[in-house]
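Peer 1:
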Amino acid sequence: MAQGNEQVVRAVYDAWRRGELPGPPQLLDDTIDYVNPPGAIEPGTRRGLAAFTEAVERVFEGCEFWRMEPEHRALDLCGRGGRCSSI
Numbered sequence: 060m061a062q063g064n065e066q067v068v069r070a071v072y073d074a075w076r077r078g079e080l081p082g083p084p085q086l087l088d089d090t091i092d093y094v095n096p097p098g099a100i101e102p103g104t105r106r107g108l109a110a111f112t113e114a115v116e117r118v119f120e121g122c123e124f125w126r127m128e129p130e131h132r133a134l135d136l137c138g139r140g141g142r143c144s145s146i
């Protein structure tokens with residue numbers, strides 16, 4: 060696995076665990092697309108970092124307790140090089 064990509068994924072998850080949204084700005088792309096299925100919390104498609112941040116903040120507000128951990132599968136996919144996305 061590409062060590063750099065794994066570090067990026069872990070840094071974003073660590074920031075979220077501390078309640079820092081949207082995460083480290085230098086690691087997030089301004090053109091992010093956030094897509095959630097119809098039955099999910101905050102369903103629909105959001106485009107751009109501001110819309111992504113707003114949707115994620117609403118999800119966090121609706122949760123009394125939040126825990127998010129990267130799965131090994133997500134880390135493996137991100138380790139293939141290039142651009143990486145895992146939420």
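Each residue of the sequence shown is one higher than the last, beginning at 60 in our numbering.
Note that CB positions come from ideal geometry on N, CA and C, so glycine has one too.
Since the model is a prediction, treat every value here as computed from it, not as a measurement.
Judging by CA-CA distance, which residue of L80, N64, R69 is the nearest neighbour of E116?
Peer 2: Start at 1 with the first residue of the sequence shown, and residue 116 comes out as number 57. Among L80, N64, R69, the Cα nearest to that of E116 is on L80.
Peer 1: Does DSSP put R106 in a helix, in a strand, or in coil?
Peer 2: Here residue 106 corresponds to residue number 47 of the sequence shown, with the count starting at 1. R106: strand per DSSP, three-state reduction.
Peer 1: For L20, which option in L108, E101, R76 has the closest C-alpha, if you only look at C-alpha atoms?
Peer 2: This structure does not reach residue 20, given that the chain is present from 60 up to 146, and the question cannot be answered.
Peer 1: Within this structure, are the beta carbons of G82 and A74 separated by less than 8 Å?
Peer 2: Mapped onto the sequence shown, residue 82 falls at position 23. Mapped onto the sequence shown, residue 74 falls at position 15. It is a contact, given that the beta carbons lie within the stated cut-off.
Peer 1: Check the C-beta distance from A114 over to E101 and give it rounded, since I have them as a contact under 8 Å.
Peer 2: The sequence position of residue 114 within the sequence shown is 55, counting from 1. The sequence position of residue 101 within the sequence shown is 42, counting from 1. At roughly 4 Å, the Cβ-Cβ gap stays under 8 Å, so A114 and E101 are in contact.
Peer 1: Looking at the strands, I want to know which residues DSSP matches up with N64.
Peer 2: Reading the sequence shown from its first residue, position 5 is the one you call residue 64. N64 is not bridged to any residue.
Peer 1: Given this structure, state the Cα-to-Cα distance separating G121 from G103, to the nearest angstrom.
Peer 2: Counting from 1 along the sequence shown, the entry for residue 121 is found at position 62. Counting from 1 along the sequence shown, the entry for residue 103 is found at position 44. Spanning the two alpha carbons is a distance of roughly 17 Å.
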